[in-house]
Amino acid sequence: MTRSPASRIAALRRALTGDSQARLVWLCNFEVERDWAVGHTGIPGQGLAQSSAVVRRLQEQGFLLAEPGDVVITSVPADAGFLDYLARAGLPVAKELVVPDPDGLGPVASILQSPAALASLRALAQAGLHLAPMGVSDGIEALAQATGLPLAGPPAQVCVRVNSKQYSRDLAHRLGLREIPGVNCHTVDELAHAILHGGAGPFPLIVKDAYGVSGRGLLVLRDPASARALQAMVARRAERTGNDTVHLLVERFLDKQADLTYQVTIARNGTVSFDFVKRALIHHGAPQGHLIPAGLTSAQHRDIESAALKLGAALHADGYFGVAGMDALIDAQGRVRPVVEINARLNLSSYQERALQRFLAPDGQAVGRQLAVPAGNAPLSFAHLLDVLGPLGRLPENGAGLFITCFGTANAGGDAPGTRAGRLYTLFFGRDPAALDALQDAVARALSDLRVPQPALH
138 MTRSPASRIA
148 ALRRALTGDS
158 QARLVWLCNF
168 EVERDWAVGH
178 TGIPGQGLAQ
188 SSAVVRRLQE
198 QGFLLAEPGD
208 VVITSVPADA
218 GFLDYLARAG
228 LPVAKELVVP
238 DPDGLGPVAS
248 ILQSPAALAS
258 LRALAQAGLH
268 LAPMGVSDGI
278 EALAQATGLP
288 LAGPPAQVCV
298 RVNSKQYSRD
308 LAHRLGLREI
318 PGVNCHTVDE
328 LAHAILHGGA
338 GPFPLIVKDA
348 YGVSGRGLLV
358 LRDPASARAL
368 QAMVARRAER
378 TGNDTVHLLV
388 ERFLDKQADL
398 TYQVTIARNG
408 TVSFDFVKRA
418 LIHHGAPQGH
428 LIPAGLTSAQ
438 HRDIESAALK
448 LGAALHADGY
458 FGVAGMDALI
468 DAQGRVRPVV
478 EINARLNLSS
488 YQERALQRFL
498 APDGQAVGRQ
508 LAVPAGNAPL
518 SFAHLLDVLG
528 PLGRLPENGA
538 GLFITCFGTA
548 NAGGDAPGTR
558 AGRLYTLFFG
568 RDPAALDALQ
578 DAVARALSDL
588 RVPQPALH
């Protein structure tokens, strides 16, 4: 079934807890895929990075889904002006629980080391709230146990299994969905067969970590020489460690018309809803934003929705519930290949839903984008950002305008003066592509002239 945007947040609460009115503690643990990757052997030298300042600041995205009565955990306090902006936009703001993370351990480890934070969460458990993470890891389960907060999500071991790209390939094959040609590799010898002996097909080939994320853990092999070099590195590591296990997959490099992302919500009782499909904007393998609507033909849309419902039912049969996000592509022949990977967590797209419901016109278009914020000499306030944007900073009206979905990341660059180059997460709304392009260009020009005021000397 397909739900209207108005019902999706309540449906998500019901899917996670069994109660559409459940109050939640939102924990946007964006580093969860780093946690899931532990113990899995990928491409040499391409391990996941530690939690970054940008990742920590992204935690305020929780305010986009949270409602009054909920609590959002952040590592850095959200700008009061930004929270007021969300309220003026018709997105009522939840309470904030700030748990500092000065060592970049990630929110879960920081909370577990904070007696004050644990006491606050135990009080929320007594008040009947549930813990709603972006994704469930062993650390999240430990946090739920330590605080008494019921966990609004499936077991960590289920999430780890589902989030593997090897699982995605296996499931697509099991369901008879149109696959990307390729093979899973579990040993060094299987990798050699795939990339040196034609097992995965002709070059170019893409080698992927089963637990890679956002452009990391991916290597394009364009010729036999690059394949031999990779195989030699993997073989040396296996000899050094005495373990020839790998968690890799090798796929054909397909020409394509578009990248897609789509989402389902799977209830505890097995009900599956198809939430949306968006065209993904990808740069060097990393997501940069989304185009809404996706610009599909009716046949392509039917293929995506059909695959989504089949995948959701199969995921539930394997013990999963909650939000699952799928990446897909349209190949050069216009055919949908509905499973590039499955994400066992909320996605950046998930957090856009209330804003899209609020501002997207029935016949309008939207673009979700990350924008660069130039380095400055002092932290940027939301009030100053709105001053710089001028009329461009007004909330969207009549299906047109700019909406800022995450401001904290604008201050997520270096600590030294002049080194802060942050990001601004945005949604642009317009009636047609030309209007959208003009609005994006105007905002980019305004940001390029941004100068953070120098603090007064005393």
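Sequential numbering from 138 applies to the sequence shown in the numbering used here. Each residue gets a CB set at the ideal place from its N, CA and C atoms; glycine is no exception. Quick caveat, the model's predicted, so the values are computed rather than measured.
With distances taken from CA atoms, which of the options is nearest residue i?
| i | options | result |
| --- | --- | --- |
| H521 | F544, D569 and D346 | F544 |
| G501 | L268, R482 and P570 | P570 |
| G471 | K302, I541, D392 and K232 | D392 |
| L596 | R145, R474, D240 and T542 | The structure shown does not extend to residue 596, since the chain spans only 138 to 595, so no value can be given for it. |
| A283 | P291, L258, S301 and A289 | L258 |
| L220 | G379, F519 and G206 | F519 |
| R506 | A581, H453 and E534 | A581 |
| V213 | V191, D207, P229 and A465 | V191 |
| Q183 | A331, L255, Q303 and L385 | L385 |
| R315 | I541, Q437 and R531 | Q437 |
| H177 | L242, G265 and C322 | C322 |
| G206 | A224, A217 and A231 | A231 |
| G536 | G179, A498 and G241 | A498 |
| L532 | R145, A159, L161 and Y222 | Y222 |
| H330 | R306, C296, L356 and Q368 | Q368 |
| S189 | P239, L523, L286 and G426 | P239 |
| V235 | I248, A224, G241 and R225 | I248 |
| H427 | L433, T434 and R416 | R416 |
| A366 | E233, L328, N406 and D346 | L328 |
| T408 | A445, S435, D440 and A372 | A445 |
Might you give, ordered along the chain, the residues of its own chain that have their beta carbon closer than 7 Å to the beta carbon of residue i, omitting 5 neighbours on each side?
| i | result |
| --- | --- |
| P318 | G338, E388 and R389 |
| L573 | Q502, V504, F565 and G567 |
| R298 | Y304 |
| E478 | K302, S305 and D464 |
| T154 | H267 and A289 |
| P142 | For P142, the pLDDT reaches just 44, beneath the cut-off of 50, and the residue's location in the model is therefore unreliable, leaving the point undetermined. |
Span of the beta strand (DSSP E) holding residue i?
| i | result |
| --- | --- |
| P388 | Here residue 388 turns out to be Glu, not Pro, going by the sequence shown. Taken as a continuous stretch (DSSP letters only), the beta strand (DSSP E) holding E388 covers T382 to R389. |
| L561 | G559 to G567 |
| V169 | Note, V169: premise wrong, no beta strand (DSSP E); alpha helix (DSSP H) at V169 to A174. |
| P596 | As shown, the chain starts at 138 and ends at 595. That puts residue 596 outside it, with no answer to give. |
| I210 | V208 to T211 |
| V344 | L342 to D346 |
| L358 | L355 to L358 |
| L288 | Unbroken run through L288: none, as it is neither H nor E. |
| V162 | L161 to L164 |
Give every residue of the same chain whose Cβ lies closer than 6 Å to the Cβ of residue i, excluding the five residues on either side of it in the sequence, and list them in chain order.
| i | result |
| --- | --- |
| G559 | V510, T546, A547, N548, A549 and G550 |
| A593 | Note that A593 has pLDDT 43, beneath the 50 cutoff, so the model's placement of it is unreliable and the number below is only indicative. The answer is none, since no qualifying residue turns up. |
| I419 | D396 |
| Q394 | I467 |
| A553 | The predicted position of A553 is uncertain, since its pLDDT is 46 and thus under 50; no value can be drawn from it. |
| D586 | none |
| R151 | S157 |
| A281 | L268 and L288 |
| E170 | V350 |
| Y457 | P291, V295 and V299 |
Could you tell me the boundaries of the alpha helix (DSSP H) in which residue i lies?
| i | result |
| --- | --- |
| I277 | D275 to T284 |
| A366 | P361 to T378 |
| V299 | A293 to N300 |
| I248 | P244 to L249 |
| V580 | P570 to S585 |
| V103 | Absent from the structure is residue 103, since the part of the chain shown begins at 138 and ends at 595. |
| A224 | A217 to R225 |
| F519 | F519 to L526 |
| L255 | P252 to Q263 |
Under the DSSP definition of a beta bridge, which residues are partnered with residue i?
| i | result |
| --- | --- |
| P534 | In the sequence as displayed, the identity of residue 534 is Glu instead of Pro. Paired residues: A537. |
| E87 | Look at the range of the chain in this structure, 138 to 595, and you will see that residue 87 is not part of it. |
| D396 | A417 and L466 |
| N321 | L386 |
| E233 | V209 |
| C543 | Y562 |
| A461 | V401 |
I'd like the list of long-range same chain contacts for residue i, defined as Cβ closer than 8 Å, with 5 residues on each side in sequence excluded.
| i | result |
| --- | --- |
| A583 | V525, L526, G527 and L529 |
| T542 | Q198, L201, Y488, Q489, A492, G505, Y562, T563 and L564 |
| A148 | R140, S157, T402, A404 and S410 |
| E204 | I146, P229 and A231 |
| A579 | L529 |
Can you determine whether any heavy atom of the ligand FMN sits closer than 8 Å to the C-beta of residue i, and answer yes or no?
| i | result |
| --- | --- |
| G354 | The model on display carries no ligand, and the ligand FMN is accordingly not part of it. |
- Query: Mind pulling the beta strand (DSSP E) runs of 3 or more residues that sit fully within the stretch 410–436?
  - Reply: 423–429
- Message: So within the stretch 465–509, which uninterrupted alpha helix (DSSP H) runs reach at least 4 residues, ignoring any that extend past its ends?
- Response: 490–496
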